[in-house]
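For our numbering, add 1303 to where a residue sits in the sequence shown, where the first one is 1.
All residues carry an ideal CB built from backbone N, CA and C; glycine is no exception.
Below is one structure, written out as structure tokens; comments come after it.
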Amino acid sequence: MGNQPGRGGAFLRPMIGGPDQNRALREALALLKRCGVEKPEEIDLELIAWHAFKALVQERPLSHCNARVVRGHLRSLITVASGTSRGRRRFNIAHEMGHLALHPNMNQLALCSVKEGFWQYRARPEEAEANFFAAELLMPEPLFSPRCQAEKPGFDLIENLAGEFATSLTATALRYVEHGPWDCCAVWSQNGNIHWISTSESFRWKVREGRLGPSTYALDFTENPGEATLLQKEVAAPQWLESDRGVARVREQSRPIGAEGLLTLLWVEADPGEEWWGEEQDEPDPEHFTPDGRRKRW
1304 MGNQPGRGGA FLRPMIGGPD QNRALREALA LLKRCGVEKP EEIDLELIAW HAFKALVQER
1364 PLSHCNARVV RGHLRSLITV ASGTSRGRRR FNIAHEMGHL ALHPNMNQLA LCSVKEGFWQ
1424 YRARPEEAEA NFFAAELLMP EPLFSPRCQA EKPGFDLIEN LAGEFATSLT ATALRYVEHG
1484 PWDCCAVWSQ NGNIHWISTS ESFRWKVREG RLGPSTYALD FTENPGEATL LQKEVAAPQW
1544 LESDRGVARV REQSRPIGAE GLLTLLWVEA DPGEEWWGEE QDEPDPEHFT PDGRRKRW
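Shown next, in the form of structure tokens:
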């Protein structure tokens, strides 16, 4: 939803205290329960939108936004941009359904979801709430979380989950970071510059901001495309983290998103020397790194 005028021509008023995540999650789960959804393949958004909100979904060319919703007295209309990938299309629909469910008093005539980055939604509580709703509707915690527990971390698992839930890789990775059992984080970069970072609740370290570390595998996608790898690799902690306290090993793995975007996942294995950091892990091999902590090129 963009900076469109609300009642009386004023801009949408931010909510006092910020977004209500708990309410958004409750409403999404309650909606799924009312619709009898028990499996990922049963999350039919067009059917749920009509059943719950009498909302039709259509595709049209949209030049300045990804999706928009118009609320009427008898029915509502959700329009999504044509040519959008399946996962992104479903998230856009679920996002607009979130506005219908959570913000019934908002004047939504001609409001639309502006094409802006994930990090920019933080300034708009209504948009953040709609995002929370959409993530829970598409990847409900009771179905999604158990599928994260038994596997070793990696993009193979996340790509399988994205296929099963019919969601985008980025949205699935963020959900995995939230519900997986590992100390991990997702990093979005473009042209070697970090734009946003999302960490798991248990992630205790501060990720470096700004430019990607010179010896990260992620930077290869920008500066050394011929050396770029989709495999999970070990990297020296200082390349990603402000402090390596409590760190035994850092692993990274990346996937290109679109023409210039790069999604990187980091997993930190705790140092057994500090009891509260977790189970024992092997120490990283010092032969793999230069004295200043950079990864050696082989």
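Problem set entry | Secondary structure of histidine 1376, DSSP reduced to three states | In the structure shown, histidine 1376 sits in coil (DSSP, three-state: anything other than H, G, I, E or B).
Problem set entry | N- and C-terminal bounds of the beta strand (DSSP E) containing glutamine 1493 | Per DSSP, the continuous beta strand (DSSP E) segment holding glutamine 1493 begins and ends at 1487 to 1493.
Problem set entry | Straight-line Cα distance separating lysine 1455 from glutamate 1419 | Low confidence applies here, because glutamate 1419 scores a pLDDT of 43, under 50, leaving its location unreliable; read the following figure in that light. Rounded to whole angstroms, glutamate 1419 to lysine 1455 spans 32 Å at the Cα level.
For this session: For tryptophan 1499, write down the residues that DSSP places opposite it in a beta bridge.
Result: Beta-bridge partners of tryptophan 1499 (DSSP): Trp1491.
Problem set entry | Whole-angstrom C-beta distance between cysteine 1487 and leucine 1565, which should lie under 8 Å | At roughly 16 Å, the Cβ-Cβ gap does not stay under 8 Å, so leucine 1565 and cysteine 1487 are not in contact.
Exercise. Per DSSP, which one or two residues make a beta bridge with glycine 1564?
Worked result: Paired residue(s): Gln1493, Ile1560.
Problem set entry | Alpha-carbon to alpha-carbon, isoleucine 1381 and leucine 1350 | Using only the alpha carbons, I get a separation of about 13 Å.
Exercise. Lysine 1536 lies in the beta strand (DSSP E); which residues open and close that run?
Worked result: First-last of the beta strand (DSSP E) with lysine 1536: 1536 to 1538.
For this session: Report the three-state DSSP secondary structure of cysteine 1338 (helix, strand or coil).
Result: Cysteine 1338: coil per DSSP, three-state reduction.
Problem set entry | Where glycine 1321 falls: helix, strand or coil (DSSP) | Coil at glycine 1321, not helix or strand.
Exercise. Glutamate 1462 by DSSP, collapsed to three states: which one?
Worked result: Of the three classes helix, strand and coil, the one that applies to glutamate 1462 here is helix, per DSSP.
For this session: Give every residue of the same chain whose Cβ lies closer than 7 Å to the Cβ of leucine 1446, excluding the five residues on either side of it in the sequence, and list them in chain order.
Result: Here leucine 1446 has Pro1343 as same chain residues with Cβ atoms under 7 Å from its own Cβ, once five neighbours each way along the sequence are excluded.
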